[in-house]
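In this note's numbering, the protein residues as written are 228 to 377.
The next block holds one structure in the form of structure tokens; read it before the comments.
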Amino acid sequence: MKKGLPLKWMLGGAVILVGALAVSNLKFSDNVVYFYTPQEAFAKAADINDKTIKVGGMVKSGTVVWKPEDLALDFIMTDMQGVDIAVSHKGTPPDMFKENAGVVVKGRIEADGKKMVSQRLMVKHSEEYKTPDAQHSVDKELLEKSIFKN
228 MKKGLPLKWM LGGAVILVGA LAVSNLKFSD NVVYFYTPQE AFAKAADIND
278 KTIKVGGMVK SGTVVWKPED LALDFIMTDM QGVDIAVSHK GTPPDMFKEN
328 AGVVVKGRIE ADGKKMVSQR LMVKHSEEYK TPDAQHSVDK ELLEKSIFKN
């Protein structure tokens, strides 16, 4: 009697294992969505315009245009360092969406890096609790620090 498994069964198992790993790796890489700052997205727009990406920034004050009859939302996302990206979104915005608030936009950026079509909006909020009395005063430095972690 032979001891262990025959060579053909071990090779067959190895081929199946390698195949399963290759397929799972391909499926995983299709679902990866990279996160960029507005500055990074603008700089790499020509290379990433065919991919779904996430860009995190601030909603620029005075730029929000909401058309409820069309469920169309347009605004400018900024990194507060001079890079602005116009964003178009179809659908209702999140409840906490507002001007001067952090936002993460998932979608596709145009090749020139100046406009992005959103598939999904996510609102970023501070991790710190403030009492209702202190809620109306905005600490701009703390807000930038919580959104743009360097």
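Even glycine gets a Cβ: it sits at the ideal position worked out from N, Cα and C.
In the DSSP output, what is residue i paired with across the bridge?
| i | result |
| --- | --- |
| tryptophan 293 | Leu300 |
| leucine 348 | Val332 |
| phenylalanine 324 | Bridge partners of phenylalanine 324: none, in fact. |
| alanine 313 | Ile303 and Lys342 |
| isoleucine 243 | Answer is none; isoleucine 243 lacks a bridge partner. |
| lysine 287 | Answer is none; lysine 287 lacks a bridge partner. |
| phenylalanine 262 | Lys281 |
Helix, strand or coil for residue i per DSSP?
| i | result |
| --- | --- |
| alanine 249 | helix |
| aspartate 274 | helix |
| tryptophan 236 | helix |
| glutamate 371 | helix |
| glutamate 267 | helix |
Can you tell me whether residue i is buried or exposed? The criterion is at least 16 other CB atoms within 10 Å of its CB, across all chains shown.
| i | result |
| --- | --- |
| glycine 283 | buried |
| isoleucine 243 | exposed |
Could you tell me how far apart the beta carbons of residue i and residue j are, in whole angstroms, since I believe they sit closer than 8 Å?
| i | j | result |
| --- | --- | --- |
| aspartate 297 | serine 315 | Contact doesn't hold; Cβ gap of about 11 Å is too wide. |
| lysine 317 | alanine 328 | Contact flag wrong, Cβ pair sits at about 20 Å. |
Check whether the Cβ of residue i sits closer than 7 Å to any heavy atom of the ligand SAH, and report yes or no.
| i | result |
| --- | --- |
| valine 250 | As far as ligands go, the structure on display features none, and thus does not contain the ligand SAH. |
Quick check: the segment 261-268 against the segment 295-307, are at least 3 beta-carbon pairs closer than 8 Å?
Counting C-beta pairs closer than 8 Å gives three or more between the segment 295-307 and the segment 261-268, which meets the contact rule.
Evaluate the contact criterion for the segment 337-350 versus the segment 273-281: three or more CB pairs, one atom per stretch, below 8 Å.
Judged by pairs of C-beta atoms under 8 Å, the segment 337-350 touches the segment 273-281, as three or more such pairs exist.
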